[in-house]
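To convert, count from 1 in the sequence shown and add 220; that's my numbering. We put the CB at the ideal spot given by N, CA and C, even for glycine.
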Amino acid sequence: MSSEEMLVVKDLKKSFRHGKGKKSKPVPAVDDVSLTIYKGETLGLMGESGCGKTTFGRTVLRLIEPDSGELYFKGENITKANMRPLRRKMQIVFQDPMGSLDPRMRIGDIILEGINAGGTYSRQEQHDRLMELINKVGLSAEIADRYPHELSGGQQQRVGIARALAVQPEFLVCDEAVSALDISYQAQIINLLREIQEKDKLTYLFISHDFSVVRYISDRICIMYLGKVMELGKTSDIVSHPLHPYTHLLMSAILYPDPSQRQIEDDPGEEEVADLSIPEHGCRFQARCPYADDVCRKDMPEFKDYGEGHFCACHKCRDIFG
Ligand SMILES: Nc1ncnc2c1ncn2[C@@H]1O[C@H](COP(=O)(O)OP(=O)(O)OP(=O)(O)O)[C@@H](O)[C@H]1O
Ligand SMILES: [Mg+2]
Numbered sequence: 221m222s223s224e225e226m227l228v229v230k231d232l233k234k235s236f237r238h239g240k241g242k243k244s245k246p247v248p249a250v251d252d253v254s255l256t257i258y259k260g261e262t263l264g265l266m267g268e269s270g271c272g273k274t275t276f277g278r279t280v281l282r283l284i285e286p287d288s289g290e291l292y293f294k295g296e297n298i299t300k301a302n303m304r305p306l307r308r309k310m311q312i313v314f315q316d317p318m319g320s321l322d323p324r325m326r327i328g329d330i331i332l333e334g335i336n337a338g339g340t341y342s343r344q345e346q347h348d349r350l351m352e353l354i355n356k357v358g359l360s361a362e363i364a365d366r367y368p369h370e371l372s373g374g375q376q377q378r379v380g381i382a383r384a385l386a387v388q389p390e391f392l393v394c395d396e397a398v399s400a401l402d403i404s405y406q407a408q409i410i411n412l413l414r415e416i417q418e419k420d421k422l423t424y425l426f427i428s429h430d431f432s433v434v435r436y437i438s439d440r441i442c443i444m445y446l447g448k449v450m451e452l453g454k455t456s457d458i459v460s461h462p463l464h465p466y467t468h469l470l471m472s473a474i475l476y477p478d479p480s481q482r483q484i485e486d487d488p489g490e491e492e493v494a495d496l497s498i499p500e501h502g503c504r505f506q507a508r509c510p511y512a513d514d515v516c517r518k519d520m521p522e523f524k525d526y527g528e529g530h531f532c533a534c535h536k537c538r539d540i541f542g
């Protein structure tokens, strides 16, 4: 991983209105998120369903317009920029491969669309590039004549990746790119993404709710909860020394430092009763945190560096997890 910045996100906010008419009020999906993604790295973004991962991933690509905040891509302020020339460099792979491929188009044409969006090529060049991409994602040439519904989920996801790569991007958002696949396909696609990253020097924002997947592919991990970043750091630091009680919850029993502190996952029916409304004051995680006290209910914790870029937003983490 280099220290060259690929994407800088500053105070990014995006809210959606919930409810209708007078009763509707904006609820933040991404709330004041600041982070940097470095060239050549994979930043894993994880958290439970509804915490704002997809909104974040789409907002940094400006597929959704932010309410406020700033975005810099390779040093250029793209917050208000015309995204057309940049689309090529910033691509996304979606969760649902079938839903993201046009069912009426042959696979070859789907990928060719991307190739032609990336430059002007002769017929021969187009064909060579198509075969190169199909080969790169581990498919065979005959697949070019087939339609999306004639492929397995794993094959469809490979086509989704080939299409994203066709425009020769530098930055790829993978939003739950393997979540819909069987475990065996998941490993194949993840390994494929890693190989391609090494060869093409790509930078990834890898979104997933699955800690084992995120941990395997990411150089650094960012943990989100109700629109806020709770913890961010090198994967090895997060795995060996998680600081936030929420990270402990996500990583569950294995990494608990002391069995007497296993209140979270031992809490019966915890998933069913989880309170996911945003509290008016204090820490977002207070309702589910076994360590929350008056300070946590009153003040929003600061997002602090606890050493070597291991950030955490918790009043108590130093006292509890050292
Ligand atoms: N277009 C929209 N209109 C209204 N609310 C939205 C919209 N998109 C997202 N939200 C809300 O924003 C919050 C974050 O949603 P988002 O899809 O970003 O979460 P997520 O972390 O990607 O979840 P999942 O793991 O289920 O994909 C949720 O409360 C969701 O209901
Ligand atoms: Mg999502």
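Restricting to Cα atoms, I'd like to know which of ASN336, ARG366, ALA400, LEU463 is closest to ALA533. As a first step, residue 533 is located in the sequence shown; it is residue number 313 there, counting from the start. Here the closest residue by C-alpha is LEU463.
Does DSSP put ALA507 in a helix, a strand or coil? Position 287 of the sequence shown holds residue 507. It is helical.
Three-state secondary structure assigned by DSSP to TYR341: As a position in the sequence shown, residue 341 is number 121, starting the count at 1. If DSSP states are grouped into helix, strand and coil, TYR341 belongs with coil.
Mapping DSSP to helix, strand and coil, what is GLN408? In the sequence shown, counting from the first residue as 1, residue 408 sits at position 188. Looking at GLN408 - three-state DSSP - the assignment turns out to be helix.
Answer yes or no: the CB of ALA400 versus the heavy atoms of ligand 1, is any distance below 6 angstroms? Here residue 400 is taken as the residue at index 180 of the sequence shown, counted from 1. Answer for ALA400: no, Cβ out of range of ligand 1.
Could you round the C-beta distance between GLU285 and LYS259 to whole angstroms and report it? I think they count as a contact, below 8 angstroms. Here residue 285 refers to the residue found at position 65 when the sequence shown is read from its first residue. Here residue 259 refers to the residue found at position 39 when the sequence shown is read from its first residue. With a Cβ gap of about 25 angstroms, GLU285 and LYS259 do not count as contacting.
Give me the residue from ASP252, GLN408, ASP348 with the minimum Cα distance to LEU232. Looking up residue 232 in the sequence shown gives position 12. Comparing Cα positions, the closest option is ASP252.
Can you give the Cα-Cα distance for ALA249 and LEU281, rounded to whole angstroms? For the purposes of this step, residue 249 is taken as the residue at position 29 of the sequence shown. For the purposes of this step, residue 281 is taken as the residue at position 61 of the sequence shown. Whole-angstrom Cα-Cα distance: 16 angstroms.
Inter-residue CB distance, ILE257 and THR423 (contact presumed, cutoff 8 angstroms): Along the sequence shown, read from residue 1 onward, the residue named residue 257 stands at position 37. Along the sequence shown, read from residue 1 onward, the residue named residue 423 stands at position 203. Contact holds; Cβ gap of about 6 angstroms.
Segments of 4+ residues assigned as alpha helix (DSSP H) that fall wholly inside the region 225-273: none
Three-state secondary structure assigned by DSSP to ARG440: The residue given as residue 440 occupies position 220 in the sequence shown. Note: ARG440 maps to strand in three-state DSSP.
Would the C-beta of THR279 count as close to ligand 2, meaning under 6 angstroms from any of its heavy atoms? For this step, residue 279 is matched to residue 59 along the sequence shown. Not so, every heavy atom of ligand 2 lies at least 6 angstroms from the Cβ.
Examine ligand 2 and report whether any of its heavy atoms sits within less than 6 angstroms of the Cβ of THR274. Against the sequence shown, residue 274 aligns to sequence position 54. Answer for THR274: yes, Cβ within range of ligand 2.
Which first and last residues belong to the alpha helix (DSSP H) in which MET471 is found? Walking along the sequence shown from the start, residue 471 turns up at place 251. Counting along the chain, the alpha helix (DSSP H) containing MET471 begins and ends at 465-471.
Between the Cα of HIS535 and the Cα atoms of GLN346, ARG366, TYR292, TYR511, which residue gives the shortest distance? As a working mapping, residue 535 is identified with position 315 in the sequence shown. It is TYR511.
Thinking C-beta only, is VAL387 closer than 7 angstroms to GLY277? Position 57 of the sequence shown holds residue 277. Position 167 of the sequence shown holds residue 387. No, Cβ-Cβ distance for GLY277 and VAL387 is not below 7 angstroms.
For LYS309, tell me which candidate among ILE330, ASP329, ARG378, ALA337 has the shortest Cα-Cα distance. Counting from one through the sequence shown, the residue named residue 309 turns up at place 89. Among ILE330, ASP329, ARG378, ALA337, the Cα nearest to that of LYS309 belongs to ALA337.
For my contact list, LEU350 and ILE330 are in at a C-beta cut-off of 8 angstroms; report their separation, rounded to the angstrom. Position 130 of the sequence shown, counted from the first residue, corresponds to residue 350. Position 110 of the sequence shown, counted from the first residue, corresponds to residue 330. Not a contact, Cβ separation roughly 10 angstroms.
Would you call the CB atoms of PRO246 and SER254 closer than 7 angstroms? If you number the sequence shown from 1, residue 246 lands on position 26. If you number the sequence shown from 1, residue 254 lands on position 34. It is not a contact, given that the beta carbons lie outside the stated cut-off.
Spatial neighbours of PRO477 in its chain, beta-carbon cut-off 6 angstroms, leaving aside the 5 residues before and after: Translated into positions along the sequence shown, residue 477 becomes position 257. Residue confidence for PRO477 is low, a pLDDT of 40 falling below 50, so the modelled location carries little weight; the figure read from the coordinates is stated next. Correct list: empty, nothing qualifies.
Any idea if MET303 is buried or exposed, counting beta-carbon neighbours within 10 angstroms, 16 or more meaning buried? As a working mapping, residue 303 is identified with position 83 in the sequence shown. So MET303 counts as exposed.
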